[in-house]
Amino acid sequence: MPTPTRAVIAADSPATADAGARVAELGGNAADIAVAAGFVATMAESLLCSLSGSGFAMISPGGGEPELIDGSHTVPGRDSEDRRPPGELDVVEYALPYGGGISIRIGRGTVAVPGAPAMLEETWRRHGRLPWAEVLAPSVELARSGWPASKTMVNYLAQVGPGPYARQEECLRTFFPDREHPPPAGAPFRIAGLEGTMEQIAREGTRALYEGDLASAIVREMASGGGLISRRDLASYRAEVRRPLAIRSREWTLSLNPPPAVGGAALGVMVGWLDRCWPLGSAPGERAVLLARAQRALLELRSGVLDCPDFDDAMARALLEDSGLLPWLPRLSAPGTTQISVATADGGLASMAMSNGYDAGIVIPGTGIVCNNALGEPELNPRGFLAQRPGARIVSNMTPTVAIADDGRRLAIGSPGASRITTALAQTWAWMVFEGLDPGEAVIAPRLHVSPPESAGGRPVARVEPGFDTSRLAREFDIVTYSHPDMYFGGVKLAMVGPGGGLSGRADPRREGAVRSVG
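Per our numbering, the sequence shown runs over residues 335 to 853.
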């Protein structure tokens, strides 16, 4: 009998957390647990992530230094002979009624080269200890049996309606069985073709998706329907290992996702600003104003620095020094994804984030692979549609993070939520570290999110959950109030191990969320 690993797993769905717990029972380490949970998430958290998605894993083995494994999407089109001109691509503009409305592009021409499968396997190869087949077993079994339709998926589908999925019959029937309504939350749910796909990955590894039969199916659908992905695009893809960014915050050292992703630098900057300005014994509404001003300043930083084509690792590290942070502090004065967090009793940490964007409205026939629309997300393509060269890695807001305290506490934390990822994490950090809330209470504390003005010359918009005094906020921002905590504001997952090996975890109730403990 294997010796179970004492572990805590926080994830966006019960099935995902259950998969991690099962692998912990078999003696898997933090990497094994996260990888098993990650593959299950590509099914149980359909639309949030997929085998077509991107992903990042921040891994810190027991007592070891963290490293970041980058599985970001890349721009297709390496095969110049077969590359279609933009006018021949299957690309449709769509106004998505989510979070106040967002304009995106969908269709086969918006599908980028997937990175999440390669990231998952590279994480296992570098840090796992169980056999590959044992790590994949929960995914293979779930693909065969099906799973309950998640509340998060159903709520999202109910908001956006069948429109984005109506362009391909297979995709429409998958998510809107009667062509009009999503399945009820908790109803049995399956995606046709995933059983064979997961079985093949369990036998052959993820290269089946980049070089084998699954790759052939992807290329065939793209070639016949107006997409860009070629065999060369898939075969050349590799996950990359990077040195994390680092920043000190009080007694903690945070390890953050480095460029070409921008989420880690954005979170580090916000934490650095708030660390230096957080009010103590403040007047009503002062915390709300500070959080909103920090987010407004971050919008300026993104447009002027983070979204520039030459933003690189050296620039990111310089931003997190005092010389990079302090010039922005006067601005704080008056005038989308899924996340898995794992901690084990030996000090192992895994923080894994994956995303499929807003989905392209396309399923690869016969495989169950739901396609991303990474080329069609405006915030991931700030210079415009197909402005990057083929093979370039697409920027990401995903920010899987590990943090280590001077007293030995070790924390894995992250969130889904597109542009709200960094703001959700920064606010959770502020409530926990600056206000002294219990980590679980910090996760459920109220949040706000600032977005750019909706018209030229207008004021930034602050969307606010209950719990904030907005009286001072309204002087500087247009206010949109929410009647209850909402999935729009992210879904933080944290897992912590104390210096004595004690474990705790929390999954944000704004999304379905589940925590499982083993041992």
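Just so you know, even glycine gets a beta-carbon here, dropped at the ideal spot from N, CA and C. From a predicted model like this one, the values you see are computed outputs, not experimental measurements.
Asked                                                                                                              : Found
Proximity below 9 Å, CB of Trp586 to CB of Ala739                                                                  : yes
Residue span of the alpha helix (DSSP H) that contains Arg459, given as start and end                              : Ala450 to His461
Those runs of the beta strand (DSSP E) which lie wholly inside the stretch 614 to 670 and span at least 3 residues : none
6 Å Cβ shell around Arg356 - same chain, five flanking residues per side excluded                                  : Pro472
Contact under 9 Å by Cβ, Leu683 with Ala364                                                                        : yes
With 16 other Cβ atoms within 10 Å as the buried cut-off, status of Ala599                                         : buried
Asp842, buried or exposed, once every other Cβ within 10 Å from all chains shown has been counted against 16       : buried
For Trp586, the residue or residues it bridges with in DSSP                                                        : Ser583 and Ala739
The stretch 379 to 388 / the stretch 705 to 721 touching (three or more Cβ pairs under 8 Å)                        : yes
DSSP beta-bridge partners of Ser388                                                                                : Ser689
Exposed unless 16 or more other CB atoms sit within 10 angstroms - verdict on Arg723                               : exposed
Straight-line gap, Leu562 to Leu464 (C-alpha atoms, nearest Å)                                                     : 37 Å
Minimum C-alpha distance to Pro448 - residue among Val736, Glu538, Arg582 and Leu543                               : Leu543
C-alpha gap between Leu528 and Ala368, whole angstroms                                                             : 20 Å
Cβ contact (3+ pairs, closer than 8 Å) linking the stretch 646 to 656 and the stretch 574 to 584                   : yes
Alpha-carbon to alpha-carbon, Ser675 and Met487                                                                    : 20 Å
Pick from Gly546, Glu545, Gly560 and Arg565 that is closest to Val553, judged by C-alpha positions                 : Arg565
Closest residue to Gly398 among His461, Val623, Leu640 and Met821 (Cα-Cα distance)                                 : His461
Under 9 Å between C-beta atoms of Pro773 and Arg727                                                                : no
Distance between Asp812 and Arg845 (C-alpha atoms, nearest Å)                                                      : 26 Å
Proximity test, Thr678 beta-carbon vs the ligand HEM heavy atom, cut-off 8 Å                                       : This structure lacks the ligand HEM, and indeed carries no ligand of any kind.
Ala429 burial status per 10 Å Cβ neighbour count (16 or more: buried)                                              : exposed
Rounded straight-line distance, which links the Cα of Glu533 to that of Leu759                                     : 36 Å
Whole-angstrom distance between Gly441 and Pro420, CA atom to CA atom                                              : 12 Å
Neighbourhood of Gly520 by C-beta, 7 Å cutoff - its chain only, sequence neighbours within 5 removed               : Pro482 and Ala483
Alpha helix (DSSP H) segments (min. 4 residues) lying fully within the stretch 771 to 804                          : 773 to 778
Euclidean distance between Cα positions of Ala452 and Glu422                                                       : 30 Å
Nearest candidate by alpha-carbon position, reference Glu799, set Pro786, Glu788 and Ala779                        : Ala779
Residue of Leu709, Val826 and Ala353 minimising C-alpha distance to Asp693                                         : Leu709
Cβ-based burial, Cys642 [other Cβ within 10 Å; buried from 16]                                                     : exposed
Ser347 versus Ala677: straight-line alpha-carbon distance, rounded                                                 : 17 Å
Whole-angstrom distance between Met686 and Leu588, CA atom to CA atom                                              : 15 Å
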